[in-house]
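Data block below; observations after.
There are 4 protein chains.
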Amino acid sequence: MPSFIKFKSIKATNITVLGEAKFESPIGHSISDRLLIPENIVIDPASTAKEELVFELAGPRSAQFFDPKHTRAGIVTCGGLCPGLNNVIRSLFLELHYAYGVKEVLGFRGGYQGLDPVKGKEPVVLTPEFVNKIHKEGGTVLGTSRGPVDIRIAVDNLIKREVNIIFTLGGDGTQRGGNELFQEAKKRGYPLAVVGVPKTIDNDVAFVTRTFGYLTAVAEASKVLSNAHNEALSVENGIALVKLMGRNAGFVAAGATVASQDVNFALLPEVPFKLEGPNGFLAALKELIITRSHAVIVVAEGAGQDLFTADKLKQDDSGNIKAKDIGLFLRDCIEKYFKSENIPVVMRYIDPSYIVRSSAANSEDAILCDMFARNALHAAMAGKTGLVIGYMHDRFIHVPIELLTSRKKSMEPDSFQWKSVLSSTGQVAQFE
Amino acid sequence: MPSFIKFKSIKATNITVLGEAKFESPIGHSISDRLLIPENIVIDPASTAKEELVFELAGPRSAQFFDPKHTRAGIVTCGGLCPGLNNVIRSLFLELHYAYGVKEVLGFRGGYQGLDPVKGKEPVVLTPEFVNKIHKEGGTVLGTSRGPVDIRIAVDNLIKREVNIIFTLGGDGTQRGGNELFQEAKKRGYPLAVVGVPKTIDNDVAFVTRTFGYLTAVAEASKVLSNAHNEALSVENGIALVKLMGRNAGFVAAGATVASQDVNFALLPEVPFKLEGPNGFLAALKELIITRSHAVIVVAEGAGQDLFTADKLKQDDSGNIKAKDIGLFLRDCIEKYFKSENIPVVMRYIDPSYIVRSSAANSEDAILCDMFARNALHAAMAGKTGLVIGYMHDRFIHVPIELLTSRKKSMEPDSFQWKSVLSSTGQVAQFE
Amino acid sequence: MPSFIKFKSIKATNITVLGEAKFESPIGHSISDRLLIPENIVIDPASTAKEELVFELAGPRSAQFFDPKHTRAGIVTCGGLCPGLNNVIRSLFLELHYAYGVKEVLGFRGGYQGLDPVKGKEPVVLTPEFVNKIHKEGGTVLGTSRGPVDIRIAVDNLIKREVNIIFTLGGDGTQRGGNELFQEAKKRGYPLAVVGVPKTIDNDVAFVTRTFGYLTAVAEASKVLSNAHNEALSVENGIALVKLMGRNAGFVAAGATVASQDVNFALLPEVPFKLEGPNGFLAALKELIITRSHAVIVVAEGAGQDLFTADKLKQDDSGNIKAKDIGLFLRDCIEKYFKSENIPVVMRYIDPSYIVRSSAANSEDAILCDMFARNALHAAMAGKTGLVIGYMHDRFIHVPIELLTSRKKSMEPDSFQWKSVLSSTGQVAQFE
Amino acid sequence: MPSFIKFKSIKATNITVLGEAKFESPIGHSISDRLLIPENIVIDPASTAKEELVFELAGPRSAQFFDPKHTRAGIVTCGGLCPGLNNVIRSLFLELHYAYGVKEVLGFRGGYQGLDPVKGKEPVVLTPEFVNKIHKEGGTVLGTSRGPVDIRIAVDNLIKREVNIIFTLGGDGTQRGGNELFQEAKKRGYPLAVVGVPKTIDNDVAFVTRTFGYLTAVAEASKVLSNAHNEALSVENGIALVKLMGRNAGFVAAGATVASQDVNFALLPEVPFKLEGPNGFLAALKELIITRSHAVIVVAEGAGQDLFTADKLKQDDSGNIKAKDIGLFLRDCIEKYFKSENIPVVMRYIDPSYIVRSSAANSEDAILCDMFARNALHAAMAGKTGLVIGYMHDRFIHVPIELLTSRKKSMEPDSFQWKSVLSSTGQVAQFE
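As given, the protein sequences belong to chains A, B, C and D, one line each in that order. Read in numbering that gives the first Met the number 0, the first sequence has 121 at position 122, and its numbers run on one by one without any break. Read in numbering that gives the first Met the number 0, the second sequence has 173 at position 174, and its numbers run on one by one without any break. Read in numbering that gives the first Met the number 0, the third sequence has 392 at position 393, and its numbers run on one by one without any break. Read in numbering that gives the first Met the number 0, the fourth sequence has 212 at position 213, and its numbers run on one by one without any break.
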């Protein structure tokens, strides 16, 4: 074993700063900008040196760019629901209000369109009473929507309303929008701090080990799987098929599979699978039904999209195939297959997405939300902009929006998560 | 106010008895056969006397027909899942085993087909270890199925296996089957006690105020409604439509509506409704969307079946209409309507049935199951047969199977339950 | 079996009415005053006739005494916490506001002292916003306290504030106070409707089968028992002792015992027990520890009070004995006993009272609260006063306060509840 | 910003290996021994180089020391309960049995004394049926106890039973015991793999960011805090004081405080506090009671131990002081203080420890347990011994037992966890 680490070259991820931080921070502790976290922390003495990304640690800075007395902040929530949105809103407000003492915090309503004074509703002025109990509830008190806003109109509005800081809670599209807001404001010479908190129940954001809401989704989905297991077990040849969230990454399906230990097959976007043939999924399912007489299957919504070939789409007039809905498609395939095999099965199809994503944050997510929120506003008060709060190696970091949205995270087929899924289900690594 | 009750004529509901009860009961207390409970307990001095049904009180009898040392009992669970099946199985076994000391208790598997020695699996011999923790889980450890069994084959089998008592957990069809078992055994001169425990998550059994599993279903459905409310509230013009169990009676939908207080419209089988027209449902929904910009709708699966007219079925090639699925049909109607009205809405459709019915019994149902089970076996040991345990005016009673299956319970439009729904939702009494 | 019911003499329970009900009810349905519910509904052909209490059915009346436009109502919550207080407050307000359209509803704060304009805080004017989400939370938004108020000062205040109706949520003492309010107002010729909703987590109120909050308490206590079982099972000779609510009646302890099926001994106020001697509790516990090596014991706080004899109090200087705390006393006795028997045991003592009673109402209690509330205000609007809403044979009734507070309900040692406890635990009927 | 990392010297943490790994692994993937994780991952360009600990990454190795066909493994659980013990047992067994195919897995019973053939019970031979549902329950199916075992007797027994691998689930003492087992076996020339899984609900183990069970404890404690908040809020000057686990570290109290956001004061072992004086805790509490009229206080069991001075112990004859029970002591102090200040308060004291630690693992802990278990047995099969599985920077690692037990983890007063507590409560950093 070596007694030293090889020389490594590093590549900084620069965060834009609005200007000199000349106001003293009211927060009693601080973290220096010079402290860095490398993307790769595994030391491999056998590998050759390569350039690596490093990130600033998040946290309060000793000096701040904005003068709280003259600072107005805004918050906007965009895209689909995710447990914890209200927790982030609440912690952002409480820390801005009590710890920094900023003048006013506005809640823009109904997603990005709330930034448009014509299309959107009037923003709500947040108060301790307004946010008092919201963290115990799912959804978002500010409302949400999909879709962009005209960036110039939004920046006009932010300037008119004298908003200095805007926190954007949303997915990739939202964060890209945040970046445009900051660029547009910069063009106009208006010092606007745009700080994003990444929101995706799919947990597929690069530089973020766990996005908020993900753990709650896993917990809620686990309960569903446990009940699905009861359904499958209580009848002869019972098959329970559960569709879970996960367009590009199967983290929710994988987490719920390992947590519940009630699943026999997990089908994820990251691991393509064949249905037909002796090593296909259907043959493996048949084998299980014959030997154990029940099965629980989890499929992530983005799995098996390659099965919707142009050919298939042309031949078949089924709505499920046209809609490329893998859950309903799989249900139909399984039913057809067992019919052709002359094996009677009892099929239960469950799609709990809307129940899962609208749940209140569980305690672990509540803590995560609180920390994402406080780190976001420490960055903003220090005058940093065009960034998103990341979370890597159990530490919060600053990630430039452009870097974050240029990558996607998914489950590596040789990662311990996927291996845990294989161990929990007992399924083969690949149906091919 | 009068100082006496009018003379009332009563009509006994006779329970068949297998023979003289000559063995002493090991249970330290007993209830006399002569104690009766009238169906109608409301005294109306203004009304004229009419004949009324009265029922035996359930409970242990001082003497019993069966000699435990030579008695073998069987249990069978039939039909769809319902929270509490395992609780009933467990309490039946424990009381038979410990309190009465019967020789053996068999668990027939996979519903009625488990009574057929060719088609069914070998029954399981129940033990304290087998039932130890089953009451903490949903589903049924004995397995279930739909469909009947050849009565003669089943009785042959029960005689061959020397089964003296059979407990049937199921709905109307199951209880009718139980009646046939008893009639067939009687024909053969074989003293078979058949005692049913009514099982329906819909709570639509006559002479039973609350069937087991119903309260758990309400509790689980309430959570879903609360999350559906979060979905609807978090977007502009959000409409969450939740389909719940209830083919002939809307008790689950009504209970969950009152419990959650999160619902704006509840549509039940008992109260027909029109979709179109100025007083129709769609106009009322539009009004709410315009004024409050969100709505939560609950529909019981048996509601609005009259909307599937022959005409509609002919014209329309939609699968949802052909399947007479009111949930999906309503979703399509609402979407079409708001499109035609040029009002953008965000629709969320949720069907949580399989999650609800496979849940473990909550504590109230656990108590109910325990009492249904113990009362069922007290009746059986006393040699009573062809009956079902009922529950009326907070008391357990004996109901002849034929009487029970000749009626259905549904929610009266002028009952306090329906009035509670109206108060909780604020909806009009009828969309017409 | 007889074909008629014997002639029964009945004793009416008269409810005081403030005057003629000359306003039309806005509620679309009504129940007549002449409909009566007898206390005893069991028909025993062998018994001799005796006079029986009968009660008015609760529900909206066709005419009302108060004119909503000029009516102001008040609500007060008193005594210890109980799940469901907020649900009752909410449903009272919503029905008064939306269904009847009364002018104003005041929430008096901090229990009866809130009726005193000097000692109490200013009451809160209830609004739809104020009550919006309160039913999802435990505690009481109005605050509570123990202790009475000077009745004359309170009535002065109610008259000054032009309060016509007051709803009192509390136990016996509270209801007695309500009676005095009504008597004092009557003396002054001020038509004040006082309607009580009985509140006791112990479920020991006469003429009320289930008080609101009781079922939630059972559910929460069951979870605790399940965990206590884990504690006892995981060590050699583990004894988990759980103290639950129940001063005069052991309904919570009994319910949780039957629901969890995890208890070996339940000790209730209604069933005295001896500790020492060959048939005493300690000997039975020792027997269980030797054979099964673990035990779960539930004791209601009012059990075994006779063990605190004058002698014992004199001899012993232990604080637990002086405080007559049966939980801690029993813990000490058990530890001492096994030490003297030279059997090492691992003792876990759990007192979850404050956690149980501060929980939010579960769905069954939520429904019960809603119905108690609506029935209470139907009575008040009809001009009825000096009454409490009862709940008997699954029906809501009107009970004169004086009658209700003159009796207590407890578990009969030959009731099915106590028999269920014996069956669930396997314990002997009496340790003597 | 620098473009390279300074040269760092590293200190390997060597893991003992039983011998050459010459059997091929049945696991389809592997991790090399040469991959290392440094303890410190923060790069500070300003700091001078210093020697740093590095650890092996956990995971399956390409070759294994043990031949599964001839390998017998044992599992033992020691010390107090912690959510997740059954999950670890289950995943250990399933992976040993299905993935590696070892001959037999023994569950030693009742903690370390189960290794003694005279004092302990016969171990249970684990089977798929035995472990089937255990992960849904709290406690440990193997039983547990405190206290050591005679190491020579234990090793004799392991040799006699031909146990090659032993997994020790427990705290520091247990792990030290594991080290002695391995040393003793080595002395005898018997190749015994001893691999520990660190178990402490307090989460105070060095090199382990989150021990299993900790997150469940936080979740359960959060619910208690929420109810405590209801208690405090519902009365005038209500003070709810909750004692939580945490002898040397306040992680549970801190986590539950941040998760619930319902706490006003959190008192932890890491942050000493004064009671008296103008900046003491009691004065701050008084201030809050005067301004807000309620307070929720959380105290970790190990907090404020310096308050039990020799002086205090001498003067005072209170049992609470003698027992050094900070919860009861604080309760008494607060009551005395407000009495002397002539401010009436309503005090609620809650100690939920036994309820919290006996809960079933929540879904996040279920996943953590699964991964700890699988990593433990990968290490063992590879012939590694005298180690504990650690978890740092979101990665599982191998930690020599001696290193792990030589340190303790606690919350740094300038850590983000403690700062989150301060932000959530609004309390001052120190009462002094």
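Here a beta-carbon is modelled for each residue, glycine too, at the ideal position from N, C-alpha and C.
Next item on the list: Scan the region 87-114 of chain A for residues whose Cβ lies nearer than 7 Å to a Cβ of chain C and list them as they occur along the chain.
Entry: none
Margin query: On the criterion of 16 or more Cβ atoms from any shown chain inside 10 Å, does D/H69 qualify as buried, or is it exposed?
Written below: exposed
Margin query: Going by C-alpha to C-alpha distance, which of A/E103, A/G109, A/K135 sits closest to A/T126?
Written below: A/E103
Check: What are the residues of the region 131-154 of chain D that lie near chain B, defined by any Cβ-Cβ distance shorter than 9 Å?
Finding: K132, K135, E136
Margin query: So, does the region 185-194 of chain C touch the region 224-235 of chain C, judging by three or more C-beta pairs under 8 Å?
Written below: no
Check: How should B/M0 be labelled, buried or exposed, when 16 other C-beta atoms within 10 angstroms of its C-beta is the threshold for buried?
Finding: Unreliable positioning characterises B/M0 in this predicted model, as indicated by a pLDDT of 47, which lies under 50. A coordinate reading is not provided.
Item checked: C-alpha distance - D/F211 paired with D/G109, whole-angstrom precision -> 20 Å
Next item on the list: Pull up the DSSP beta-bridge partners for D/Q63, would you.
Entry: D/F22
Note to self: Can you pull the chain C neighbours of B/T208, defined as C-beta to C-beta under 7 Å?
What the structure shows: D393
Item checked: is_contact[A/S409, chain D] using C-beta, thresh 8 Å -> no
Checklist line | Residue of B/V53, B/S46, B/E401, B/N361 minimising C-alpha distance to C/D43 | finding: B/V53
Next item on the list: Compute the beta-carbon to beta-carbon distance between B/L91 and B/A375, rounded to the nearest angstrom, for a pair I have assumed lies under 8 Å.
Entry: 7 Å
Checklist line | Rounded C-alpha distance that separates D/A239 from D/I349 | finding: 8 Å
Checklist line | Under 8 Å (Cβ pairs) to chain B, residues found in the region 229-246 of chain A | finding: N229, E230, L232, S233, V234, E235, A239
Note to self: Looking at the strands, I want to know which residues DSSP matches up with B/P399.
What the structure shows: B/L386
Next item on the list: Return the CA-CA distance between A/N163 and A/P122, expressed in angstroms with no decimal places.
Entry: 15 Å
Notebook entry, point to check: Is the beta carbon of D/I26 sitting closer than 8 Å to the one on D/P59?
Noted result: yes
Next item on the list: Measure how close the beta-carbons of C/G237 and C/L267 come, nearest whole angstrom, since I'm counting them as under 8 Å.
Entry: Their Cβ separation, rounded to whole angstroms, is 23 Å, which puts C/G237 and C/L267 out of contact at 8 Å.
Checklist line | For B/T15 and B/L84, believed in contact at Cβ under 8 Å, the rounded distance | finding: About 26 Å separates the two Cβ atoms, so there is no contact after all.
Item checked: Through-space distance from D/R356 to D/F181, alpha-carbon basis -> 30 Å
Notebook entry, point to check: Between which two residues does the alpha helix (DSSP H) carrying B/T173 extend?
Noted result: 171-186
Check: Taking the Cβ atom as the reference point for each residue, do D/V270 and D/Q429 lie within a distance shorter than 8 Å?
Finding: yes
Notebook entry, point to check: Where does A/S233 land, buried or exposed, given buried means 16+ other C-beta within 10 angstroms?
Noted result: buried
Margin query: Distance cutoff 8 Å, beta carbons only. Does C/I40 sit that close to anything in chain B?
Written below: yes
Margin query: At the 8 Å Cβ level, is C/E363 part of the contact set with chain F, yes or no?
Written below: Judged by its chain identifiers, the structure shown contains no chain F, and its protein chains are A, B, C and D.
Notebook entry, point to check: By how many angstroms is the C-alpha of C/S8 removed from the C-alpha of C/V41?
Noted result: 15 Å
Next item on the list: Between the Cα of C/L95 and those of C/I165, C/L287, C/S422, C/G146, spot the shortest distance and give me the residue it belongs to.
Entry: C/I165
Checklist line | Burial state of B/N13, where buried means 16 or more other Cβ atoms lie within 10 Å | finding: exposed
Notebook entry, point to check: Closest by CA to B/A248, which one among B/K118, B/S422, B/I200, B/A153?
Noted result: B/I200
Notebook entry, point to check: Which stretch, first to last residue, makes up the beta strand (DSSP E) that contains A/R71?
Noted result: 71-76
Checklist line | Bridge partners - B/A265, DSSP secondary structure assignment | finding: B/V297
Check: Can you list the beta strand (DSSP E) stretches of 3 or more residues lying completely in the region 115-167 of chain D, in chain order?
Finding: none
Notebook entry, point to check: Going along the chain, which residues of its own chain have a beta-carbon closer than 7 Å to the beta-carbon of C/A258, five neighbours each way excluded?
Noted result: V217, S221
Check: Do A/K285 and the ligand SAH come close, with the Cβ less than 7 Å from some heavy atom?
Finding: Here there are no bound small molecules, and the ligand SAH is not part of this structure.
Check: Using Cβ-Cβ distances below 8 Å, what residues of the region 48-82 of chain D are close to chain C?
Finding: L80
Checklist line | Of the residues A/V427, A/H397, A/D413, the one placed nearest A/A57, counting alpha carbons only | finding: A/H397
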